[in-house]
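Heads up: the structure comes next, in structure tokens.
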Amino acid sequence: MTDTAHPSATVTGARQEDRFESSPVTLHARVGAFELRWDVDCPLGLVVASSTHIGRPGIGLVEVFTAAEQRARTSQAYRRSGVGERLRVQGSRVTAEAGVTRAVIVQADAVSGIEVRTTVTAPAGTSVVRIENELRNAGRNAVVVTAVSSASIGIGRSARDLDAVVWGSAESEWLAEDRWREVPLRSLLPDISLALHAQDARGHAGITSHGAWSSGEHVPCGFLQRADGEALAWQIETSAGWHADVSQALDGGVLSLLGPTDLEHQFARELLPGETFTAVPVAVAASTHCRDGALAELTRYRRWLRGSANDHELPVVYNDFMNTLMGQPTTEKLLPLVRRAAEAAVEVFCIDAGWFADPAIGDWWSTVGEWREASDRFPDGGLRRVIDEIRRAGMAPGLWLEPEVVGVDSPAASRLPDEAFFQRFGQRVQEDRRYHLDFRHPAARAHLDETVDHLVEEFGIGYLKLDYNINPGAGTDHNASTAGDGLLAHTRAFRDWLVRVQLRHPSLRIENCSSGAMRADYSLLAVTHLQSTSDQQDYRLYPPIAASAPASILPEQCGNWAYPASEMSDEETAFTLVTGLSGRLYLSGFLDELRPDQRARIAEAVALHKELRDDLAEATPFWPLGLPAWDAATVCLGLRTGGADLLFVWDRDAAPAEFVIPGVFGDAEIVFPAETPRWRLDATGEGIAVSTPAGIGARVLRVSHD
443 MTDTAHPSAT VTGARQEDRF ESSPVTLHAR VGAFELRWDV DCPLGLVVAS STHIGRPGIG
503 LVEVFTAAEQ RARTSQAYRR SGVGERLRVQ GSRVTAEAGV TRAVIVQADA VSGIEVRTTV
563 TAPAGTSVVR IENELRNAGR NAVVVTAVSS ASIGIGRSAR DLDAVVWGSA ESEWLAEDRW
623 REVPLRSLLP DISLALHAQD ARGHAGITSH GAWSSGEHVP CGFLQRADGE ALAWQIETSA
683 GWHADVSQAL DGGVLSLLGP TDLEHQFARE LLPGETFTAV PVAVAASTHC RDGALAELTR
743 YRRWLRGSAN DHELPVVYND FMNTLMGQPT TEKLLPLVRR AAEAAVEVFC IDAGWFADPA
803 IGDWWSTVGE WREASDRFPD GGLRRVIDEI RRAGMAPGLW LEPEVVGVDS PAASRLPDEA
863 FFQRFGQRVQ EDRRYHLDFR HPAARAHLDE TVDHLVEEFG IGYLKLDYNI NPGAGTDHNA
923 STAGDGLLAH TRAFRDWLVR VQLRHPSLRI ENCSSGAMRA DYSLLAVTHL QSTSDQQDYR
983 LYPPIAASAP ASILPEQCGN WAYPASEMSD EETAFTLVTG LSGRLYLSGF LDELRPDQRA
1043 RIAEAVALHK ELRDDLAEAT PFWPLGLPAW DAATVCLGLR TGGADLLFVW DRDAAPAEFV
1103 IPGVFGDAEI VFPAETPRWR LDATGEGIAV STPAGIGARV LRVSHD
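Residues 443 to 1148 in this note's numbering are what the sequence shown spells out, letter by letter.
Below, the structure written as structure tokens:
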């Protein structure tokens, strides 16, 4: 352990372990592949130790904006804040523990009284750091914080350095998640001859979330890549508001990663003297192996972040919703599906939405919130009969819940107090005939605790699919400084509730769903088992979603739907199953209506998935054809394992096709579907040449490493 600090450093009100010995005025601290640097005239900054382009002296890691003081120099970017430019390091501590190196740096601004405690953690075996910041009002007057950059990092050392940089980010929406785009940074930040004007630019480019769907418009993950292969990838870990910002200065660019802001998310937090605020954590990865290398580093980091959750088994799940019962389950409809799922060796059978709704209602959307079985759906033995059949067939039973909402026509809407719901200006927030629970309130938590405990203890439920189908807007201003502040507090309380539920029921597996992947972030994915990657019902449109998802979600958490239908051809059946196999195989469809050859193909896919899933939990993704465009005719995802590369290849062109999968060398074989010689593979000096016949098709290839 090493302790370093500026001379006579004592942080007012700091914890005992943050009182440090004196040290030289210019210091640095190595944390994994990164280095923290500061001196008497500059705030704390972050650089990649081996790079001349990622990180730049003089760019403060933390920017703090307040209602009283925003920027020290006007612009539209989230940099050069008045408070941030005055922050000076008061003390530091670097520790090496089992599996991590961690630095804690304390900075202070004497004018505002704000202290910032920054924790930078580098997990062993990765080129990633996780950055967490806690603000404390050590002054005598209240301070209203309006934005905090969790991390700001310099890019390049001159304006010319930005010319060869690519910006990668993903747009997202319902049914069309994870649509990645790679564009020249200069298309966002044009060269405006800053040297002639002798000052920094005032513009910026950014992506931001809106409301409570953290990945509903943009995925909270991205990257920057130079032409020489050096790359920086990032992710923002929150289910509330977030913003990623790039801007340019005379001496290069700046990447700023933030949680909720005043301008974008109606966020502000008032801090009375002595009060603290914890900013949204972020992770930053560095690599010299281009985009795929940086995203592979984030993949390793995500496994570290999940901790003991990685030890859970990876069961094959059947869910009755997609293109099947669509929220209208009954005993009569479910029992044939249970039998066929068991024949295919499925391990979890999840009954999706509708099990709680009186079938006479029809549209049950506005009635949810009680979470008790609808007896008329399950005559002759109730829901228990179906659950018992699932268990007797050798599968674990699962159920769908949407825990954060209560329909306006639900008895729970009148039984729970107003304070247990999102409110704006003294009135409950209503979105599409639903109210939104506020998990900060004990009545909201108790209502769902009772629900989950009842389902687990009464029915033996081992799997919960937790959905989230409304976006309630900016948040709640009840018991909060602003609506954005209330939303952030609710999402943190909901995450804590998920953790406590699993402590009470350690064998319970929880799926994170949100109208597909509208809230797929590593605040929630760090504490849940699986992520539904989309609600897309057209199997021909799913491949670019499934292939792109591992850029922001662990491969073993990507729940990719496969829904064979009786009208599908052999090739179409294999096509949808390859989509499922490219992550976690998530089955649906009327299995009882399929032809024998289709059921055999499903059993083959399930057997292969079980063979591959241990490797899946250690694989890193790569994209030999690039991250796919939405309308790409050919889509390819690679998963690199210890002994081989797995390639998931979809041909969406109706005409015969020939293409090369570049940069992949070794002995290639088709492992799914078996006994289908219609695709031809040839090794070439560029990679694997593939020839396909007319019609859509998909294959899983295994390429053994030389």
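Using N, Cα and C, we set each Cβ at its ideal position, and we do this for glycine too.
Exercise for the section: Identify whether PRO1063 lies in helix, strand or coil by the three-state DSSP scheme. Expected result: strand
Practice task
Reducing DSSP to helix, strand and coil, say where SER1146 ends up.
Solution key: strand
Handout entry: Where LEU756 falls: helix, strand or coil (DSSP)
Key = coil
Practice task
Note down the Cα distance separating GLY567 from LEU737, rounded to an integer number of angstroms.
Solution key: 14 Å
Problem - Member of THR772, SER956, VAL780 and TRP676 whose CA lies at the smallest distance from the CA of ALA816 - result: THR772
Practice task
Work out the CA separation of ILE903 and LEU897 for me, nearest whole Å.
Solution key: 6 Å
Handout entry: 3 or more residues per run - each beta strand (DSSP E) lying fully within the segment 1101-1128
Key = 1109-1114 and 1122-1125
Problem - Nearest-angstrom Cα separation, counted from ALA1116 out to PHE1101 - result: 21 Å
Problem - Per DSSP, the bridge partner or partners of GLU576 - result: ARG559 and THR720
Exercise for the section: Report the option in ALA931, ALA1096 and LEU1067 whose CA atom is closest to the CA atom of ALA1090. Expected result: It should be noted that the sequence gives Phe, not Ala, for residue 1090. Considering only alpha carbons, the answer is LEU1067.
Problem - Reduced DSSP category for GLN549 - H, G, I as helix; E, B as strand; rest coil - result: strand
Problem - GLU1009, DSSP secondary structure in three states - result: coil
Handout entry: Helix, strand or coil at ARG781 according to DSSP, with G and I counted as helix
Key = helix
Problem - Cβ-based burial, GLY1105 [other Cβ within 10 Å; buried from 16] - result: exposed
Practice task
Return helix, strand or coil for VAL1048, following the three-state DSSP convention.
Solution key: helix
Problem - Nearest-angstrom Cα separation, counted from LEU1088 out to VAL1142 - result: 7 Å
Problem - Environment of PHE763 [buried if 16+ CB atoms lie within 10 Å] - result: buried
Problem - Cβ distance (whole Å) where VAL570 is taken to contact ALA727 below 8 Å - result: 4 Å
Exercise for the section: With ALA1004 as the anchor, note down where its beta strand (DSSP E) starts and where it stops. Expected result: 1000-1004
Handout entry: Collapsed DSSP secondary structure at VAL467 in the structure displayed
Key = Confidence in VAL467 is poor, its pLDDT being 46 and thus under 50, which makes the residue's placement unreliable; the coordinate value appears in the next sentence. VAL467: coil per DSSP, three-state reduction.
Problem - Distance between beta carbons of SER600 and GLY581, contact taken as under 8 Å - result: Contact flag wrong, Cβ pair sits at about 38 Å.
Handout entry: Pairwise C-alpha distance: ILE803 and ILE987
Key = 34 Å
Exercise for the section: Could you name the residues of the same chain whose beta carbon sits closer than 6 Å to that of SER1133, not counting the 5 residues immediately before and after it, in chain order? Expected result: GLU1100 and ARG1122
Practice task
Give me whichever residues DSSP pairs with ASN761 in a beta bridge.
Solution key: CYS792
Handout entry: DSSP three-state assignment for HIS896, whether helix, strand or coil
Key = helix
Handout entry: Start and end residues, alpha helix (DSSP H) containing GLY695
Key = Element bounds for GLY695: not the alpha helix (DSSP H) but the beta strand (DSSP E), 694-700.
Handout entry: Within 8 Å, strictly: CB atoms of LEU503 and ALA593
Key = yes
Practice task
Could you name the residues of the same chain whose beta carbon sits closer than 7 Å to that of LEU940, not counting the 5 residues immediately before and after it, in chain order?
Solution key: ILE952, VAL969 and THR970
Handout entry: Per-residue DSSP class, three states only, for PHE1032
Key = coil
Exercise for the section: Please go through the same chain and pick out, in chain order, the residues whose beta-carbon is closer than 7 Å to the beta-carbon of ALA509, but skip the five residues on each side of it. Expected result: VAL586, THR588 and ALA710
Exercise for the section: Please work out which residues of its chain come closer than 6 Å, Cβ to Cβ, to TRP684, disregarding the five sequence neighbours upstream and downstream, and give them in chain order. Expected result: SER651, PRO662, ILE678 and GLY701
Handout entry: DSSP-derived helix/strand/coil call for TRP609
Key = strand
Handout entry: Inter-residue spacing [alpha-carbon to alpha-carbon] between VAL722 and TRP1003
Key = 31 Å
Handout entry: Anticipated Cβ contact below 8 Å, PRO1063 with THR741, distance rounded
Key = 7 Å
Problem - Contacts around GLY526, its chain only, beta-carbon distance under 7 Å, and the 5 residues preceding and following it disregarded - result: PRO485, GLY502, VAL504, GLU505 and VAL506
Practice task
Report the rounded CA-to-CA distance for GLY658 versus ALA1016, giving the unit in angstroms.
Solution key: 30 Å
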